[in-house]
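*Asks:* Protein chains in written order, with this note's numbering: chain S, 1 to 149; chain Z, 1001 to 1149. Idealized CB from N, CA, C, for every residue including glycine.
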DNA sequence: CCGAATTTGTAGCCTCGACTACATTTTGGT
DNA sequence: ACCAAAATGTAGTCGAGGCTACAAATTCGG
Ligand SMILES: [Mn+2]
Ligand SMILES: [Mn+2]
Ligand SMILES: [Mn+2]
Ligand SMILES: [Mn+2]
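1. Could you pull the DSSP bridge partners for residue 83(S) from this structure?
2. Name, please, each residue of chain S whose Cβ falls closer than 8 Å to the Cβ of residue 1103(Z).
3. Pairing CB atoms from the region 80-90 of chain S with CB atoms from the region 128-136 of chain S, are three or more of them under 8 Å?
4. Taking its Cβ as the centre, do 16 or more other Cβ atoms sit within 10 Å of residue 1086(Z), making it buried, or is it exposed?
5. Step through the CB atoms of chain S and report whether any lies within less than 9 Å of the CB of residue 1039(Z).
6. Looking only at its own chain, which residues have a Cβ that is under 7 Å from the Cβ of residue 53(S), when we skip the five neighbours before and after it?
7. Would you kindly work out how many angstroms separate the C-alpha atoms of residue 18(S) and residue 48(S), rounded to a whole number?
8. Locate the alpha helix (DSSP H) running through residue 1064(Z), then write down its first and last residues.
9. Take residue 129(S) as the anchor and find which of 137(S), 113(S), 143(S), 73(S) has the nearest alpha-carbon.
10. Along the region 117-144 of chain S, where does the CB come closer than 8 Å to a CB of chain Z? Name the residues.
11. Exposed or buried, what is residue 55(S) when buried is set at 16 or more other beta-carbons lying within 10 Å of its beta-carbon?
12. When you compare the CB positions of residue 149(S) and residue 120(S), do they come within less than 9 Å of one another, or not?
13. Just how far apart, CA to CA, sit residue 31(S) and residue 1110(Z)?
14. Can you pull the chain S neighbours of residue 1107(Z), defined as C-beta to C-beta under 8 Å?
15. Which residue comes first and which comes last in the alpha helix (DSSP H) that contains residue 132(S)?
16. Please report the residue range of the alpha helix (DSSP H) in which residue 1022(Z) lies.
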């Protein structure tokens, strides 16, 4: 029966492959979301307090300190952070660069949401999840929209 | 046994706790994202082909059939779907209702992205991830924006 | 109607991200 | 200086969500 499902399908229905690809993109974006949030948070702590302790990261992120330490270990594995036992966490140049990109993107997303009428606190909350799924093309559009309205 | 949230000190919630709360929201949204996508996909397949087979779901979602079957088992556990061996998958009333909500939300997000200038294909791809992190307050704002511009 | 192809199901393995419990190290108060 | 508290690290467990390999059921072509 699966003969001509393409012809019979709705015109606006995506092809199988295209849809699978989009779902895959969303999944892979999710796999880096945690790292992005950690790097951004650590960068903020370093800037505001001069140091980023695992306990602080855990409290700000809302997880146990053991969880934070394991995620920090993953950051180190991925070359984004460094740390020595009982000293704070620091970012590598790659980590700093990522933090900067993530911070700018976060702000852009919040600004866009506010610009289209989302209440500020909702915008801030939603952006925390949305930011990880916004493509560069969308960010460009957001910038243009914010500049030109 | 959901742990109770202490949302008492409303007026000026500490930045630290507020941030932790936002991160927690994003995490919990992510935990339901997969179920939402499956339910929406199954609903589409049921509407367009009259049936939703595990193999079709797997191919459209871009995962192995074993993975799809396991996720469908989770849908059944959560009361969103039903199925009998070697028959297709169907949605419970709860599942249908969720699919409808998710489908409308998906469209709204795409429309909003396009309205602020995001290219259509980027909008469609980004929406697949973004949709799961858009609050009702934001959706209301999106509707108003689309209606009133 | 029957054998082969397809579909479906099961089992076992992996990584990630969460937790608790406990061990160790550092820090701070007296 | 010392002991207690806090911070940090480690170990073990869990469920979700992937995978591959294999087994069983169903559907189809001849
Ligand atoms: Mn985030
Ligand atoms: Mn962020
Ligand atoms: Mn989606
Ligand atoms: Mn969707």
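*Replies:* In short:
1. Taking the first chain and counting its residues from 1, the one referred to as residue 83(S) is at position 83. Its beta-bridge partners are 89(S).
2. On the second chain, residue 1103(Z) is found 103 positions in, with the first residue counted as 1. Here the premise fails: no neighbours, minimum Cβ distance about 12 Å.
3. With the cut-off at 8 Å, the region 80-90 of chain S and the region 128-136 of chain S do not touch.
4. As a working mapping, residue 1086(Z) is identified with position 86 in the second chain. Residue 1086(Z) should be labelled exposed.
5. Residue mapping note: residue 1039(Z) aligns to position 39 of the second chain, counting from 1. Not closer than 9 Å to any Cβ of chain S, the Cβ of residue 1039(Z) fails to qualify, so no.
6. The residue labelled residue 53(S) in the question sits at position 53 within the first chain. Once the five neighbours on either side are set aside, the close Cβ partners of residue 53(S) are 88.
7. Numbered from 1 along the first chain, position 18 holds the residue referred to as residue 18(S). Numbered from 1 along the first chain, position 48 holds the residue referred to as residue 48(S). Near 44 Å, if we compare the C-alpha coordinates of residue 48(S) and residue 18(S).
8. Taking the second chain and counting its residues from 1, the one referred to as residue 1064(Z) is at position 64. Segment: none, residue 1064(Z) is in no alpha helix (DSSP H) and carries neither H nor E.
9. One-based indexing of the first chain puts residue 129(S) at position 129. When C-alpha distances from residue 129(S) are compared across 137(S), 113(S), 143(S), 73(S), the shortest belongs to 113(S).
10. 117, 118, 119, 122, 123, 124, 125, 126, 128, 129, 130, 132, 133, 134, 135, 137, 138, 141, 142, 144
11. For the purposes of this step, residue 55(S) is taken as the residue at position 55 of the first chain. Looking at its Cβ environment, which holds fewer than 16 other Cβ atoms inside 10 Å, residue 55(S) is exposed.
12. The residue given as residue 149(S) occupies position 149 in the first chain. The residue given as residue 120(S) occupies position 120 in the first chain. At least 9 Å separates the beta-carbon of residue 149(S) from that of residue 120(S).
13. The sequence position of residue 31(S) within the first chain is 31, counting from 1. The sequence position of residue 1110(Z) within the second chain is 110, counting from 1. Rounded to the nearest whole angstrom, the CA to CA distance from residue 31(S) to residue 1110(Z) is 23 Å.
14. Locating residue 1107(Z) in the second chain gives position 107, counting from the first residue. At a beta-carbon threshold of 8 Å, none of the residues of chain S lie near residue 1107(Z); the nearest stands roughly 10 Å away.
15. By 1-based counting over the first chain, the position of residue 132(S) is 132. Following the DSSP letters along the chain, one finds residue 132(S) in no alpha helix (DSSP H), marked with neither H nor E.
16. Taking the first residue of the second chain as 1, we reach residue 1022(Z) at position 22. Start and end: 1015-1049.
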